[in-house]
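Q:
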Amino acid sequence: MDKVYLDNAATTKIKADLVRESILNYYDNINCSPGRGGYQDSLAAGRIILDARQKIADLFNVQDIKQIIFTHNITYALNMGIKGILKAGDHVITTTMEHNSVLRPLKSLEKKNLIKVDYIKCDKKGRLKPEQIEAAINDKTKLIVLTHASNVSGTLMPIKAVGKIAAKYDIYYLVDTAQTAGIYELDFENLKADFLAFTGHKALMGPTGTGGFAISKKMATELEPLIEGGTGSKSDLAEQPNFLPDKFESGTMNTMGINGLKAGVEFIQETGIKNIRTHEQKLAKIFLAGLKKIPEIKIIGPANLKEQVPTFSITAGKRDLGQLSYELDNKYNIMTRSGLHCAPLAHQTLSTFPAGSLRFSLGYFNTEKEIEYTLNALKELL
Ligand SMILES: Cc1ncc(COP(=O)(O)O)c(C=O)c1O
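Last residue of the sequence shown? That's 382 in full-length UniProt numbering, and every number before it is there in order.
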């Protein structure tokens with residue numbers, strides 16, 4: 001068996017052919033700074049950004065393409081959303097299932113005594129009840145931050161119900177879609193989100209170095225930009241322009257990457273999100289059934305496809321999971337991730353702290369044969 005890639009929650013290693021072609025084509029034929037020069041190739045680079053913005057806006061049902069902002073990954077987007085909106089005295093509600101790209105920016109503001117944070121404890125499978133969020137709201141609550149799915153256990157969060165609560169109390173609502181964009185339909189308007197953060201290089205199938213956010217016009221007015229600089233617009237002004245998207249996009253854009261991301265989104269639209277999800281769930285069903293048959297394995301999280309994305313964390317008795325991951329790679333060419341997956345509170349919630357878990361995250365380009373092969377490898381090793 002050739003290499004089997006089961007670390008799609010980290011990044012999608014195997015992308016649509018279109019993505020590679022579009023990156024090479026951009027490099028060979030355009031490769032200019034967008035929105036700066038008036039010559040044809042610079043204009044072509046600018047058009048790529050515009051087109052990508054439109055594709056992302058369509059994907060997330062965002063009304064005005066200027067509400068789409070590109071960053072280098074979702075970590076940048078989350079930092080911009082969190083640090084740009086919170087002021088001294090604000091209160092934030094988030095959960096114990098968040099990634100460090102949420103936890104660390106919040107912790108640094110907390111350590112400066114600027115904000116107070118409630119980390120709502122999810123259950124042993126990583127699940128959250130929307131009422132838990134509502135119960136934590138006080139008159140200082142400025143922001144609710146919630147991941148759509150855990151990158152450790154795959155647990156899906158009730159993002160729609162929490163959106164209704166945020167809207168009811170007029171609180172800014174930020175959703176981290178790192179693990180779901182490209183696999184689940186995400187409707188910005190319907191979710192009542194103010195800030196939908198996405199990363200380009202996972203299921204959206206773009207290259208690394210891409211990501212961004214969709215922002216409500218209300219939040220965009222109040223959000224301070226963390227990064228200021230050249231935008232190619234209003235160059236006579238010493239101050240950052242205050243209109244979208246320039247307010248939040250300074251410095252030369254990663255146009256080559258954004259062109260790849262655009263191709264990734266085109267592939268998703270052509271294939272159909274539902275078809276992508278159906279294929280992944282078909283594989284997940286086989287994998288889950290197989291895991292359940294191996295007595296040494298304990299599945300962490302819901303172990304139920306209605307409540308999770310096709311990301312599975314396991315432990316295996318006293319077995320060293322780093323060693324198991326190493327053996328899967330070295331003996332079977334199967335790529336997985338072991339340890340703490342940048343989400344320490346999630347591991348505490350799921351009782352896998354500090355040893356962590358062995359994670360298998362499936363993607364659209366995996367096959368049934370690969371899943372069977374992986375299950376056999378696990379059986380042999382255990
Ligand atoms: C839920 C979640 N949020 C944020 C991130 C950070 O993504 P990136 O490294 O693309 O910034 C990840 C990455 O694994 C994630 O799973």
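Glycine included, every Cβ here is placed at the ideal spot set by N, Cα and C.
Reducing DSSP to helix, strand and coil, say where K66 ends up.
A: Mapped onto the sequence shown, residue 66 falls at position 66. Helix at K66.
Q: Buried or exposed for K107, going by 16 or more other Cβ atoms inside 10 Å?
A: Taking the sequence shown and counting its residues from 1, one reaches residue 107 at position 107. K107 should be labelled exposed.
Q: Does the Cβ of D17 have 16 or more other Cβ atoms within 10 Å, making it buried, or fewer, making it exposed?
A: One-based indexing of the sequence shown puts residue 17 at position 17. When all chains shown are included, D17 counts as exposed.
Q: Determine the extent of the alpha helix (DSSP H) in which I82 is found, giving its start and end residues.
A: Here residue 82 corresponds to residue number 82 of the sequence shown, with the count starting at 1. Counting along the chain, the alpha helix (DSSP H) containing I82 begins and ends at I74 to I85.
Q: Based on the DSSP secondary-structure assignment, which residues constitute the bridge partners of I120?
A: In the sequence shown, counting from the first residue as 1, residue 120 sits at position 120. DSSP lists T95 as partners of I120.
Q: In this structure, how does DSSP classify M219 when only helix, strand and coil are distinguished?
A: Residue mapping note: residue 219 aligns to position 219 of the sequence shown, counting from 1. Residue state, collapsed to three classes: helix.
Q: Would you call the region 31-38 and the region 212-223 touching, i.e. three or more CB-CB distances under 8 Å?
A: Verdict: no, contact absent.
Q: Skipping 5 residues on each side, what residues in its chain have a beta carbon closer than 6 Å to that of G339?
A: Here residue 339 is taken as the residue at index 339 of the sequence shown, counted from 1. Closer than 6 Å at Cβ, skipping near neighbours: G356.
Q: What number of angstroms, rounded off, separates the C-alpha of N366 from the C-alpha of Y373?
A: The count along the sequence shown starts at 1 and reaches residue 366 at position 366. The count along the sequence shown starts at 1 and reaches residue 373 at position 373. Answer to the nearest angstrom: the Cα atoms are 11 Å apart.
Q: Is Q179 a contact residue of ligand 1, with contact defined as CB to any heavy atom under 7 Å?
A: Indexing the sequence shown from 1 puts residue 179 at position 179. Yes, the Cβ of Q179 comes within 7 Å of a heavy atom of ligand 1.
Q: Please report the straight-line C-alpha distance between D236 and A346, rounded to a whole angstrom.
A: Here residue 236 corresponds to residue number 236 of the sequence shown, with the count starting at 1. Here residue 346 corresponds to residue number 346 of the sequence shown, with the count starting at 1. For D236 and A346, the distance between alpha carbons rounds to 48 Å.
Q: When we look at the beta-carbon of E249 and count the other beta-carbons within 10 Å, is it buried (16 or more) or exposed?
A: Locating residue 249 in the sequence shown gives position 249, where the first residue counts as 1. Classification of E249: buried, given that the 10 Å Cβ count is 16 or more.
Q: List, from N- to C-terminal side, the alpha helix (DSSP H) runs of 4 residues or more that fit wholly inside the region 235-277.
A: As far as the region 235-277 is concerned, its whole alpha helix (DSSP H) runs of at least 4 residues are 255-271.
Q: Could you pull the DSSP bridge partners for T199 from this structure?
A: Taking the first residue of the sequence shown as position 1, residue 199 is located at position 199. BP columns for T199 point to G211.
Q: Kindly provide the ranges of any beta strand (DSSP E) runs that are 3 or more residues long and lie completely inside the region 296-353, ordered along the chain.
A: For the region 296-353, whole beta strand (DSSP E) runs of length 3 or above, ordered along the chain, are 297-300, 311-316 and 337-339.
Q: CB-CB under 7 Å to G290, same chain, minus the five flanking residues each way: which ones, in chain order?
A: One-based indexing of the sequence shown puts residue 290 at position 290. L375.
Q: What separation, rounded to the nearest whole angstrom, lies between the Cα atoms of A88 and A45?
A: Against the sequence shown, residue 88 aligns to sequence position 88. Against the sequence shown, residue 45 aligns to sequence position 45. The alpha-carbon atoms of A88 and A45 are separated by roughly 40 Å.
Q: If I measure Cβ to Cβ from P105 and keep anything under 8 Å in the same chain, skipping five residues before and after, which residues do I get?
A: Along the sequence shown, read from residue 1 onward, the residue named residue 105 stands at position 105. Cβ within range, chain order: L78, N79, I82 and K83.
Q: Cβ of N138 versus every heavy atom of ligand 1: is any distance shorter than 7 Å?
A: By 1-based counting over the sequence shown, the position of residue 138 is 138. Checking the Cβ of N138 against ligand 1 gives no.
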